[in-house]
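> Residue numbers (this note's numbering), protein chains in the order written: chain A, 1 to 279; chain B, 1001 to 1107; chain C, 2001 to 2160. Even for Gly, the Cβ is constructed at its ideal location relative to N, Cα and C. Because the structure is a prediction, the values reported are computed rather than measured.
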Amino acid sequence: MKRTIIRVTVAVGASVLLAACVAAAPKEKTALEKRLEDPRVKNYIVGEKMTGYVFATAATRTVQDDDFENPAFLWVDIGEENWSKVDGAAGKSCASCHGDAPDSMKGVGATYPKYSGETKKLMALQHRINWERENRMKAKPWKWESDEMLGMTAYVKLQSRGMPVNVKIDGPAKPFYEAGKKFYNQRRGMLDMACANCHVDYPATMIRSNLLSQGMPNGFPTYRLKWQKVGSLHRRFRGCNKQVRAAPYKQGTDEYTNLELFLMDRARDLPMETPSVRM
Amino acid sequence: MAKKPRIKVPKSAKKGEQIQIKTLISHKMETGRRKGKDGKLIPRMIINNFSCKFGGKEVFSADMYPAIAANPYFAFYVTVDKSGTFEFAWTDDKGKTVTASKDIAVT
Amino acid sequence: MLEDTGEKRRVLGRRDILKAAGVGVMAIAGGGLASGSAFATPESTAEALKKIIGTAAKAGKVTIKLPEIAENGRTVPITVSVDSPMTSGDYVKTIIVMAEGNPNPEVVNFNLTPALGKAEISTRMRLGKTQNVVAAAVMSDGSVYTGKKQVKVTIGGCGG
């Protein structure tokens, strides 16, 4: 009983304190307002939509801005090298059919995930790459989070850099989009939180010491400072799911591919930014 | 993982010009303080030395410790007086060295 | 009872703060560089530095550029520059970079020559927590200059 009273007193006291802080806040710029002062962010805002670049600190933006300083390009190099490397029983490379990636892959990355009539499935770029490897090149598929796969997806998506995200969500893609939307809004895990509870309800607020973003997918695969390497969007999903204490799905599952489609639609019109750099 | 480091040296420069060199190599830079899934410490494995020679003579080097971030990056300046070759070398804890070179034409 | 920090933590639990602040937060603290072992201190760093440079150093000539707040301590861009003509008669021989709050103070030693023409070097470093980064420049005449810069390293949130 005594404990309860103390608890309530302290909680109320804390609320008052917080309320006082909030009341005094208007004079000071918000974290997002400060980050919006950087003229570089304007290319990463379309209407209300903002990519993770806007929420990143100036130092992180600087690392992304220079293709040489951006360490993700170590992986892009792997992709570029493998593009013209013959692999598999068919004796082919990507280039055997597709020629030069800067021409043939221009804009392609901005349209994935994409419904495929051949497989009757929604395919992320990784699925497409492995399908081509197995069926056309007669080569072994790459693991989702391997340097080869990260490198190739980064290299292909780089050819769409600056072009608006443009995924198809109607026609045969519709049920996949709807499933992704449902996943996004579904509360899960011990914390009982949906993706939307953070990225729709509270972007631009502080999540402890980090500025919470809108959770846009257009810069993936990304070089994440935390990972100290490049990683896929589905790897990020796993992290998010674990943080709400939910069991994560595996990379490449239908659940995450549907979610990727929903997110890419959410990012519609934002420029493709792969390979981005994030905290 | 590509073993090929990324190096940026201008192809040409004017005599006496100050050029900037940037290098990036992929490496985990394992600190030796991290535990693996088996609960045991993962042994330290870092690139501990980077050197840059011009015309066979060392112009810059760095002795590195585990506090250098993964995928080590360096940027520094060199004043060039004549055409020549930059040679770069990264050496890890096992003594393995990765080398690369870039030519520059100075007029 | 309120003096008891453990109790305080429970009283003003994460959920209360969340409710008050109106933000859903998942805190993943730590997971950084150290595994609970002893860290360097400003004193031990000064000691380590003294072992290398020997003489008493003067403050000045050394500028350290670091972000005020590092978004993630695992990759923090740093530029060290030293005010020096970098001629064969007067140049910076060595720059020693140390971090006062890392598991070990040593970060990197740069060995310079007059051929560089400019004593300014950039790299990326790891920082285990908020701390000072110290750089000492040993000049060709044997004199030593030092500079210092504080970096705040944020921990927590979904990014940290």
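1. Would you mind telling me which residues of chain B sit closer than 7 Å to N2132(C), beta carbon to beta carbon, in chain order?
2. On a Cα-Cα basis, can you pick out the residue from A56(A), Y155(A), E132(A), G189(A) that is closest to S96(A)?
3. Return the Cβ separation of A154(A) and P275(A) in integer angstroms, given the expectation that the two are a contact with Cβ distance under 8 Å.
4. Assign S2143(C) to one of three DSSP states: helix, strand, or coil.
5. Sorted by chain position, which residues of the same chain lie with C-beta nearer than 6 Å to L263(A)'s C-beta, five sequence neighbours on each side aside?
6. Could you give the first and the last residue of the continuous alpha helix (DSSP H) run that contains T222(A)?
7. So, for G1055(B): in the same chain, excluding its five sequence neighbours on each side, which residues have a beta-carbon less than 8 Å away from its beta-carbon?
8. Quick one: measure Cβ to Cβ for I2078(C) and R2126(C), integer angstroms, because I've assumed they're closer than 8 Å.
9. How many Å lie between Q186(A) and Q251(A) at the Cα?
10. Taking T1957(C) and L2112(C) to be in contact with their CB atoms under 8 Å, please state how far apart those CB atoms are, rounded to whole angstroms.
11. Against chain A, does E2071(C) count as a neighbour if the rule is that its beta carbon must be under 7 Å from one of theirs?
12. Relative to the C-alpha of G47(A), which candidate in L125(A), R266(A), V277(A), R278(A) has its C-alpha closest?
13. Quick one: is M190(A) buried, meaning 16 or more other Cβ sit within 10 Å of its Cβ, or exposed?
14. Using only alpha-carbon positions, find the residue among K114(A), D147(A), K143(A) that is nearest to I169(A).
15. Please report the residue range of the alpha helix (DSSP H) in which D65(A) lies.
16. Are the CB atoms of T222(A) and L212(A) within a distance shorter than 7 Å?
17. Compare the C-beta of T2154(C) with all C-beta atoms of chain A and state if any pair is closer than 7 Å.
18. Using a 10 Å radius around the Cβ and a threshold of 16 neighbouring Cβ atoms, would you call E148(A) buried or exposed?
19. Taking beta-carbon pairs under 8 Å, can you tell me which members of the segment 2072 to 2083 of chain C lie near chain A?
20. In chain order, what residues of the same chain lie with their CB nearer than 6 Å to the CB of K2065(C), ignoring the 5 residues before and after it?
21. Compare the beta carbon distance of A2070(C) and V2062(C) with 7 Å and say whether it is the shorter of the two.
22. When the Cα of A1105(B) is compared with those of P1005(B), I1019(B), K1035(B), which residue comes out closest?
23. Mind checking P2105(C): buried by the 16 CB within 10 Å criterion, or exposed?
24. In its own chain, which residues sit with a C-beta less than 7 Å from the C-beta of I1007(B), not counting the 5 before and 5 after it?
25. By DSSP, does W1108(B) sit in helix, in strand, or in coil?
26. Could you check whether A56(A) and G257(A) sit closer than 7 Å to each other, using their CB atoms as the reference points?
27. Locate the alpha helix (DSSP H) running through T257(A), then write down its first and last residues.
28. Counting contacts by CB-CB distance shorter than 7 Å, is G2139(C) in contact with chain B?
29. What are the residues of the segment 224 to 248 of chain A that lie near chain B, defined by any Cβ-Cβ distance shorter than 8 Å?
30. Name the chain A residues whose beta carbon is nearer than 7 Å to that of N1048(B)?
31. What is the DSSP secondary structure of I2028(C), counted as helix, strand or coil?
32. Just how far apart, CA to CA, sit W227(A) and N2072(C)?
33. Between the segment 2036 to 2067 of chain C and chain E, which residues of the former have CB atoms less than 7 Å from a CB of the latter, in chain order?
34. Taking 7 Å as the CB-CB cut-off, is P275(A) touching chain B?
35. What's the gap between the Cα of F220(A) and the Cα of S232(A)?
36. With which residues is N2111(C) paired in a DSSP beta bridge?
This is what the structure gives:
1. Those do not exist, as N2132(C) stays about 14 Å from chain B at its closest Cβ, beyond 7 Å.
2. E132(A)
3. 5 Å
4. coil
5. P217
6. Per DSSP, T222(A) belongs to no alpha helix (DSSP H); it is in the beta strand (DSSP E), 222 to 224.
7. K1082, G1084, T1085
8. That pair is no contact at about 10 Å.
9. 19 Å
10. Residue 1957(C) lies beyond the range of chain C shown here (2001 to 2160); nothing can be said about it.
11. yes
12. R266(A)
13. exposed
14. K114(A)
15. 58 to 65
16. no
17. yes
18. buried
19. N2072, R2074, T2075, V2076, P2077
20. T2079
21. no
22. I1019(B)
23. buried
24. T1023, F1088, A1100, K1102
25. The structure shown has nothing for residue 1108(B), since chain B only spans 1001 to 1107.
26. Looking at the sequence provided, one finds Thr at residue 257(A) rather than Gly. For T257(A) and A56(A), no; Cβs fall outside 7 Å.
27. 254 to 266
28. First, the amino acid is wrong: residue 2139(C) is Met here, not Gly. Judged by the 7 Å Cβ criterion, M2139(C) is not in contact with chain B.
29. Q228, K229
30. Near N1048(B) there are no residues of chain A at all, since even the closest Cβ is about 18 Å away, more than 7 Å.
31. Bear in mind that a pLDDT of 36 at I2028(C), under 50, signals an unreliable position, so the model cannot answer this.
32. 10 Å
33. Looking for chain E here will not work: the only protein chains present are A, B and C.
34. no
35. 6 Å
36. S1061(B), T2094(C)
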